[in-house]
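In order, the protein sequences belong to chains A and B. Residue numbers 1 to 144, in this note's numbering, belong to the letters of the first sequence in order. Residue numbers 1001 to 1144, in this note's numbering, belong to the letters of the second sequence in order. Yeah, the Cβ is synthetic: ideal placement off N, Cα and C, and Gly gets one too. Input: a single structure, listed below in structure tokens.
There are 2 protein chains.
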Amino acid sequence: MFSKACQYAIRAVLYIATQSEQGRRTSLKDISKEIDSPEAFTAKILQQLSKNSILLSIKGPNGGFEIPDETMKRVKLIEIVRIIDGDQLFTGCALGLKACNEEKPCPLHNQFLGIRTNIHQLLENTTIKKLVNDLELGLTFLKR
Amino acid sequence: MFSKACQYAIRAVLYIATQSEQGRRTSLKDISKEIDSPEAFTAKILQQLSKNSILLSIKGPNGGFEIPDETMKRVKLIEIVRIIDGDQLFTGCALGLKACNEEKPCPLHNQFLGIRTNIHQLLENTTIKKLVNDLELGLTFLKR
DNA sequence: ATTATTTAGGATAAATTTGTCCGAAATAAA
DNA sequence: TTTATTTCGGACAAATTTATCCTAAATAAT
């Protein structure tokens, strides 16, 4: 469904967000330990996310990553997915046909229409903040 | 969603099936031309499918591939997907967590529960035959 | 100023997926 | 029996994704 990069991205953002909620800035090292991801690879992903203003990066001692409360309220999952994986997941044809559309549908077009819409809506309607709340309430988990 | 190999697999099976319906055996060359896929790569995929008795392969002059009517009635999409891509798509965790389950759900677990169930049901309930009917009625298309 | 810490970014490498090439095996037809 | 056709299967190659390494840049603390 999502690439590994995208899975790491979402996991990292959520972890950073929980820490930011507590007023704590968190380092790459912490993040990759906590979400169990390869450090250097995660660094690249976080770089991309901060370039796209999903998160803030601060260099130097006591540096690290942060997500302002305003940002986690505003940013939806779909933005992260778009940055890392693009939008093939919810716009592309299930069978990989370029010409597939409403007029010339592939054999799976109509079957997948609903599913793709569901995925799109889910990603569109889910903010980081919402997911962080569940994490803080101990309703969901990030490890392993 | 599906790997390229899996997209080719489904497209090939559907094309072979439409031909089999007409009593025509079809060659690798034809298939890859009709579904616009790399020939040698498609050969590997068809090999896998015939090993798994999704289709029949016949060597020699006038050889090629066939799908008996009984088979296309019986075989569901999920079997093809399982053979080529495995079942990660409908069993794995969206965030790639091994330990994710009902008791210790990842932050996306509940959101994706419905979608994954939908995908699973769709693949489980869709036979090759059903898709071939739509193709023959000109309701759906396989090219590009 | 110097040093230590931390992210940025480029180069490189490993792993996986996608794709190609070619000789072997099967088999139908001449 | 020879030849032509077609799939099989192994080795190899290219492309993409995942992952590592190292130096540079920033910056806080000493």
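Got a sec? Which residues, its chain only, sit under 7 Å from residue 43 of chain A by beta carbon, not counting five neighbours each side?
-> Contacts found: 28.
Quick one: give me the first and last residue of the beta strand (DSSP E) that residue 114 of chain A is part of.
-> No beta strand (DSSP E) holds residue 114 of chain A; the alpha helix (DSSP H) holding it covers 109-125.
Which residue's Cα is closest to the Cα of residue 45 of chain A: A:34, A:73, A:12?
-> Comparing Cα-Cα distances from residue 45 of chain A to each of A:34, A:73, A:12, the minimum goes to A:12.
Beta-carbon separation of residue 1014 of chain B and residue 1142 of chain B under 8 Å?
-> Yes, these two residues count as a Cβ contact at 8 Å.
Residue range of the unbroken beta strand (DSSP E) whose run includes residue 1142 of chain B | Residue 1142 of chain B: not part of any beta strand (DSSP E); DSSP gives it neither H nor E.
Look up residue 27 of chain A in the DSSP assignment and say whether it is helix, strand or coil.
-> In the three-state reduction of the DSSP assignment, residue 27 of chain A falls in the coil class, being assigned neither a helical nor a strand state.
Residues of chain A with CB under 8 Å from residue 1085 of chain B, in chain order?
-> Those within 8 Å of residue 1085 of chain B in chain A number zero; the least Cβ separation is about 11 Å.
Work out the CA separation of residue 1128 of chain B and residue 1075 of chain B for me, nearest whole Å.
-> Approximately 6 Å between the Cα atoms of the pair.
Touching by the beta-carbon criterion (3+ pairs, under 8 Å), the stretch 1002-1012 of chain B and the stretch 93-106 of chain A = With a cut-off of 8 Å on Cβ pairs, the stretch 1002-1012 of chain B is in contact with the stretch 93-106 of chain A, counting three or more such pairs.
In the DSSP assignment, find the unbroken beta strand (DSSP E) run with residue 70 of chain A in it and report its ends.
-> Counting along the chain, no beta strand (DSSP E) covers residue 70 of chain A; the unbroken alpha helix (DSSP H) around it starts and ends at 69-74.
Start-end ranges of the alpha helix (DSSP H) lying completely within the stretch 1006-1052 of chain B, minimum 4 residues | Note on the stretch 1006-1052 of chain B: whole alpha helix (DSSP H) runs with a minimum of 4 residues are 1028-1035, 1039-1051, in chain order.
By how many angstroms is the C-alpha of residue 1018 of chain B removed from the C-alpha of residue 86 of chain A?
-> So the alpha carbons of these two residues sit roughly 34 Å apart.
Taking 8 Å as the cut-off, decide whether the C-beta atoms of residue 1025 of chain B and residue 1058 of chain B are in contact.
-> In this structure, the beta-carbon distance from residue 1025 of chain B to residue 1058 of chain B falls below 8 Å.
Would you say residue 1071 of chain B and residue 106 of chain A are within 8 Å of each other, going by their C-beta atoms?
-> At least 8 Å separates the beta-carbon of residue 1071 of chain B from that of residue 106 of chain A.
Cβ-based contacts, 9 Å cut-off: residues of the stretch 66-78 of chain A near chain B = Answer in chain order: 77.
Of the choices A:97, A:118, A:120, A:122, whose alpha-carbon is the least far from that of residue 1034 of chain B?
-> Closest option to residue 1034 of chain B, Cα to Cα, is A:97.
Report buried or exposed for residue 64 of chain A, applying the criterion of at least 16 other Cβ atoms within 10 angstroms of its Cβ.
-> Its Cβ being crowded by 16 or more others within 10 Å, residue 64 of chain A is buried.
Please classify residue 111 of chain A: is it buried, with 16 or more other beta-carbons within 10 angstroms of its beta-carbon, or exposed?
-> When all chains shown are included, residue 111 of chain A counts as buried.
Can you tell which of A:31, A:83, A:37 has the C-alpha that lies nearest to the C-alpha of residue 51 of chain A?
-> It is A:83.
When the cut-off is 8 Å and only beta carbons count, does residue 48 of chain A lie next to chain B?
-> At a cut-off of 8 Å, the C-beta of residue 48 of chain A has no neighbouring C-beta in chain B.
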